[in-house]
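Okay, so here's the structure we're looking at.
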Amino acid sequence: MNTETRTVLEFDDVRLVYHTEAGETLAAEHMTFSVREGEFIAVIGPSGCGKTTLLSLAAGLLTPSAGHVRMYGKEVRRGSEAVGYMLQKDELFPWRTVEGNIVLPLEIRKNNTAQRREKALALAEKYGLGGFLKHYPDQLSGGMRQRAALIRTLAAEPQILLLDEPFSALDYQTRLSVCDDVYNIIRAERKTALLVTHDISEAISVADRVLVLSARPARVVAAHDLEFGTAVPLERRKNARFSAWFDVLWKELNV
Amino acid sequence: MKKKTTACSPEHALYLKKRRRESIVVQIARFSLLLAILGIWELVAGLKLVDPFIISSPSRIAVQIASLAADGSLFYHIGVTLWETLAGFAVAVVLGTAVALLLWWSERARRVLEPYIVVLNSLPKIALGPVIIIWFGTGSAAIVFITVLIGIIVAILQMLGGFMATDKNKILLLESMGASKRQILQKLVIPSALPQFVGMLKICVGMAWIGSIMGEYIVSKAGLGYLIVYGGQVFKLDLVMAATVILCVLAAGMYALVALAEKFLVKK
Numbered sequence: 073m074n075t076e077t078r079t080v081l082e083f084d085d086v087r088l089v090y091h092t093e094a095g096e097t098l099a100a101e102h103m104t105f106s107v108r109e110g111e112f113i114a115v116i117g118p119s120g121c122g123k124t125t126l127l128s129l130a131a132g133l134l135t136p137s138a139g140h141v142r143m144y145g146k147e148v149r150r151g152s153e154a155v156g157y158m159l160q161k162d163e164l165f166p167w168r169t170v171e172g173n174i175v176l177p178l179e180i181r182k183n184n185t186a187q188r189r190e191k192a193l194a195l196a197e198k199y200g201l202g203g204f205l206k207h208y209p210d211q212l213s214g215g216m217r218q219r220a221a222l223i224r225t226l227a228a229e230p231q232i233l234l235l236d237e238p239f240s241a242l243d244y245q246t247r248l249s250v251c252d253d254v255y256n257i258i259r260a261e262r263k264t265a266l267l268v269t270h271d272i273s274e275a276i277s278v279a280d281r282v283l284v285l286s287a288r289p290a291r292v293v294a295a296h297d298l299e300f301g302t303a304v305p306l307e308r309r310k311n312a313r314f315s316a317w318f319d320v321l322w323k324e325l326n327v
Numbered sequence: 002m003k004k005k006t007t008a009c010s011p012e013h014a015l016y017l018k019k020r021r022r023e024s025i026v027v028q029i030a031r032f033s034l035l036l037a038i039l040g041i042w043e044l045v046a047g048l049k050l051v052d053p054f055i056i057s058s059p060s061r062i063a064v065q066i067a068s069l070a071a072d073g074s075l076f077y078h079i080g081v082t083l084w085e086t087l088a089g090f091a092v093a094v095v096l097g098t099a100v101a102l103l104l105w106w107s108e109r110a111r112r113v114l115e116p117y118i119v120v121l122n123s124l125p126k127i128a129l130g131p132v133i134i135i136w137f138g139t140g141s142a143a144i145v146f147i148t149v150l151i152g153i154i155v156a157i158l159q160m161l162g163g164f165m166a167t168d169k170n171k172i173l174l175l176e177s178m179g180a181s182k183r184q185i186l187q188k189l190v191i192p193s194a195l196p197q198f199v200g201m202l203k204i205c206v207g208m209a210w211i212g213s214i215m216g217e218y219i220v221s222k223a224g225l226g227y228l229i230v231y232g233g234q235v236f237k238l239d240l241v242m243a244a245t246v247i248l249c250v251l252a253a254g255m256y257a258l259v260a261l262a263e264k265f266l267v268k269k
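Here the protein sequences line up with chains A and B, keeping their order. In terms of the numbering used here, the first sequence opens at residue 73 and continues consecutively. In terms of the numbering used here, the second sequence opens at residue 2 and continues consecutively.
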C-alpha cells in the first residue's frame with residue numbers, strides 16, 4: 073500500500089468507558105489504528121467486543137473517554153460531513169419513495185440544492201435504481217433496498233463509509249451478490265470504507281486490510297494486508313489464499 | 002402498494018368470485034340480523050308480551066324521532082351534543098399530542114410528570130363532576146371540559162408511546178447525518194408515529210362521546226344525554242330509546258370519518 077496517501081481516519085490510543093446505573097464498562101482501551109484514503113478496512117472481533125461502538129466513535133456519535141479519534145487530522149465531531157454510516161438493515165423510511173430516501177441526507181445537511189440532488193439521482197441511475205425512484209421501499213427486493221441504502225449514504229458525498237454488518241440481515245444468496253454489488257460501487261466511487269463484521273469470510277472477501285479486535289476491552293490485536301488487489305468478493309472466495317486467511321483469522325479470533 | 006391490473010387465470014377468477022360471494026353473504030347476514038332484532042322487538046311489544054311502556058318498540062321510536070324532528074328540537078339537541086363532542090375531541094387531540102411531543106422532547110419533563118399522568122389516568126374523571134360544575138357552571142363549557150379531561154390523558158399516553166417507539170437505528174442513522182433533535186422529530190418521529198396518531202383518534206372518538214354524554218348526565222339542559230336522562234326521569238322510554246338510537250348513528254358516523262381520515266393519512 074502506498075504510504076504517501078493521506079490518512080482519513082485515525083484512532084489514537086482510544087479508551088472508552090460506558091456508564092450505566094448498573095455500573096461502568098470498559099469497552100475499549102489502547103485502540104490504535106488508522107485508515108488511509110481509498111482503503112477498504114474490515115474489522116472483525118468476537119461478538120460483544122464493541123464493533124458497533126468503534127463505528128459510533130468514528131462517526132463522532134460517542135466521545136472517547138481518553139485518546140483521540142481524528143478525521144483528516146482533526147478531532148471528529150458529531151455528524152461530520154466526511155462520514156457516511158450504513159447500518160445492518162437498510163433503514164429506508166417506508167413513507168418516503170426511493171428518491172425521497174436517497175436525498176434524505178441532503179435535506180438533513182441542508183444542502184438539498186438542485187445540483188446535489190441531480191448528482192445523487194444520477195448515482196441511483198448509474199447503479200440501476202433509475203426505474204425505481206418513485207417506488208416505495210416495500211416494493212423493492214432486499215438486495216435493491218440495500219443498494220438504495222448505499223446510494224443514500226453516498227448522496228451526501230462522504231469521504232469514508234462506515235459499514236455496520238451491512239449484509240447480515242440478508243439471506244445467504246442475496247448476501248453474496250449484494251456484497252459484490254456494494255464492493256463494486258464503493259470501488260468505482262473511490263471511497264474509503266471501514267466495515268465491521270463478525271463474518272470472517274465476508275471480511276476477507278472485501279477488505280484490503282483486516283483488523284482483529286480482542287474481546288472487551290477491545291483493542292486491535294492483529295492487522296493483515298490481504299493483497300488480493302482489486303479482485304471482487306466472489307473471485308476471492310474461489311482463491312486458494314482465501315481459506316488460508318480464513319484459518320489465520322479464525323485462530324486469532326479464538327485465542 | 003399500488004393496485005396491479007394483471008390479467009388473471011381462471012383459478013384466480015374463481016377465487017375472486019368466491020371472495021366476493023363471501024362478502025355478499027356477510028353483508029346480507031349483518032342486515033338480516035338487524036332486521037330480526039327489530040322484528041322480534043316490534044312483535045314482542047306489539048303482542049304485549051312485554052309492556053311496550055317498558056321496552057318501547059322500533060315503531061314507537063320512529064314516531065318519537067319524527068315528532069322530535071317536526072318541532073325542530075331534534076336538531077337542536079343533536080347540534081348541542083355534536084358541538085360538545087367535537088370541541089372536546091379536537092382540544093383533547095391537539096393538546097394531548099402537544100403534551101406528548103413535549104414529553105418526548107424532554108426526558109426530565111417525562112420523569113417529573115409521569116406519576117401525575119398515571120394518577121390522572123386511573124382517576125375516574127366523573128369524580129371531578131362537582132368541582133367542574135362549580136368552576137364552569139352548568140352549561141356546555143363544563144361538558145366540553147369533562148370531554149377534554151377524559152380524552153386528553155389517553156391521547157397523551159398513546160402518542161407518547163408512539164413517539165418513544167421510534168426505531169432506535171433510524172435515529173442513529175439520522176444522528177450520523179448530523180441531524181438536530183428537531184430534524185429527528187420532523188423527519189422521523191412524527192411521520193413514523195402516524196399510525197399511532199390514527200389509533201389515538203379512534204380511541205378519542207369513543208372517549209369524546211363518553212365525555213359529552215356523561216357530562217350531560219350530570220349538568221346539562223340540552224343534548225342527547227339530557228334527553229336520555231330526562232326521558233328516564235319521566236319514564237318516557239320511547240324518548241330514551243330514540244336518543245340512544247340517534248347517538249349510535251352519530252357515533253358510527255364519526256368513527257367512519259376517522260376511518261376515512263386513516264386512509265388519507267396512512268398510505269403505507
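From the three backbone atoms N, C-alpha and C, an ideal C-beta is built for every residue, glycine too. All of these numbers come straight from a predicted model, not from anything done at the bench.
How many Å lie between residue i and residue j at the Cα?
i	j	result
glutamate 108 of chain B	isoleucine 118 of chain B	15 Å
isoleucine 219 of chain B	aspartate 72 of chain B	26 Å
methionine 216 of chain A	glutamate 274 of chain A	19 Å
valine 267 of chain B	alanine 260 of chain B	10 Å
threonine 92 of chain A	leucine 98 of chain A	12 Å
valine 250 of chain B	serine 141 of chain B	22 Å
leucine 83 of chain B	alanine 253 of chain B	13 Å
isoleucine 229 of chain B	leucine 175 of chain B	54 Å
glutamine 325 of chain B	alanine 243 of chain B	For chain B, the structure presents residues 2 to 269; residue 325 of chain B sits outside this window and is missing.
leucine 267 of chain A	glutamine 197 of chain B	36 Å
serine 137 of chain A	arginine 108 of chain A	24 Å
phenylalanine 146 of chain B	glycine 216 of chain B	9 Å
leucine 36 of chain B	serine 58 of chain B	13 Å
glutamate 101 of chain A	aspartate 85 of chain A	7 Å
proline 177 of chain A	serine 213 of chain B	47 Å
valine 94 of chain B	tryptophan 322 of chain A	58 Å
methionine 2 of chain B	aspartate 210 of chain A	Confidence in methionine 2 of chain B is poor, its pLDDT being 42 and thus under 50, which makes the residue's placement unreliable; the coordinate value appears in the next sentence. About 8 Å.
serine 123 of chain B	tryptophan 105 of chain B	22 Å
leucine 127 of chain A	valine 148 of chain A	12 Å
tyrosine 256 of chain B	leucine 248 of chain B	12 Å
lysine 169 of chain B	leucine 189 of chain B	11 Å
valine 293 of chain A	threonine 185 of chain A	45 Å
isoleucine 272 of chain B	threonine 148 of chain B	Here chain B comprises residues numbered 2 to 269, so residue 272 of chain B is not present and cannot be evaluated.
leucine 195 of chain B	phenylalanine 236 of chain B	46 Å
lysine 4 of chain B	valine 199 of chain B	Confidence at lysine 4 of chain B is low in this model, with a pLDDT of 47, below 50, so its placement is unreliable and no value can be given for it.
alanine 110 of chain B	glycine 97 of chain B	15 Å
glycine 80 of chain B	valine 155 of chain B	26 Å
glutamate 190 of chain A	glycine 95 of chain A	49 Å
From the DSSP output, which residues share a beta bridge with residue i?
i	result
valine 115 of chain A	A/Val268 and A/Leu283
methionine 143 of chain A	A/Leu81 and A/Lys146
isoleucine 276 of chain A	DSSP output for isoleucine 276 of chain A lists no bridge partner at all.
If we cut at 9 Å on Cβ distances, does residue i have a partner in chain C?
i	result
glycine 179 of chain B	Looking for chain C here will not work: the only protein chains present are A and B.
Given a cut-off of 9 Å on the beta-carbon distance, is the pair residue i and residue j in contact?
i	j	result
glycine 117 of chain A	histidine 270 of chain A	yes
alanine 220 of chain A	phenylalanine 239 of chain A	no
isoleucine 66 of chain B	leucine 238 of chain B	no
valine 246 of chain B	isoleucine 25 of chain B	no
serine 152 of chain A	methionine 158 of chain A	no
glutamate 111 of chain A	valine 80 of chain A	yes
alanine 154 of chain A	proline 230 of chain A	yes
leucine 129 of chain B	leucine 150 of chain B	yes
arginine 281 of chain A	alanine 114 of chain A	yes
Using the beta-carbon count (16 or more within 10 Å), is residue i buried or exposed?
i	result
leucine 129 of chain A	buried
methionine 73 of chain A	Model confidence at methionine 73 of chain A stands at a pLDDT of 46, short of 50, so the residue's coordinates are unreliable; what they give is reported in the following sentence. Answer is exposed; the Cβ neighbour count stays below 16.
methionine 164 of chain A	Residue identity differs from the one stated: residue 164 of chain A is leucine in this sequence, not methionine. Buried, since its Cβ has 16 or more Cβ neighbours within 10 Å.
tyrosine 208 of chain A	buried
glutamine 159 of chain B	buried
histidine 13 of chain B	exposed
glutamate 82 of chain A	buried
leucine 17 of chain B	exposed
glutamine 218 of chain A	buried
isoleucine 41 of chain B	exposed
asparagine 326 of chain A	exposed
isoleucine 153 of chain B	buried
arginine 247 of chain A	buried
phenylalanine 1 of chain B	One cannot answer for residue 1 of chain B here, as it falls past the ends of chain B, which runs 2 to 269.
lysine 19 of chain B	exposed
lysine 269 of chain B	Per-residue confidence for lysine 269 of chain B stands at a pLDDT of 49, beneath the threshold of 50, marking its modelled position as unreliable; no derived number is given.
Is residue i near the ligand SAM, in the sense that its beta carbon is under 8 Å from a heavy atom of that ligand?
i	result
leucine 159 of chain A	Absent from the structure shown: the ligand SAM. Ligands present: none.
- Query: Closer than 8 Å, Cβ to any Cβ of chain B: which residues of the region 226–244 of chain A, in chain order?
  - Reply: Ala228 and Leu234
- Check each residue of the region 152–176 of chain B: if its Cβ is closer than 9 Å to any Cβ of chain A, include it; give the result in chain order. Asp168, Asn170, Lys171, Leu173, Leu174, Leu175 and Glu176
- Query: Looking at chain B, which residues of the region 173–184 of chain A have a Cβ within less than 8 Å of any of its Cβ atoms?
  - Reply: Leu176, Pro177, Glu179, Ile180 and Arg181
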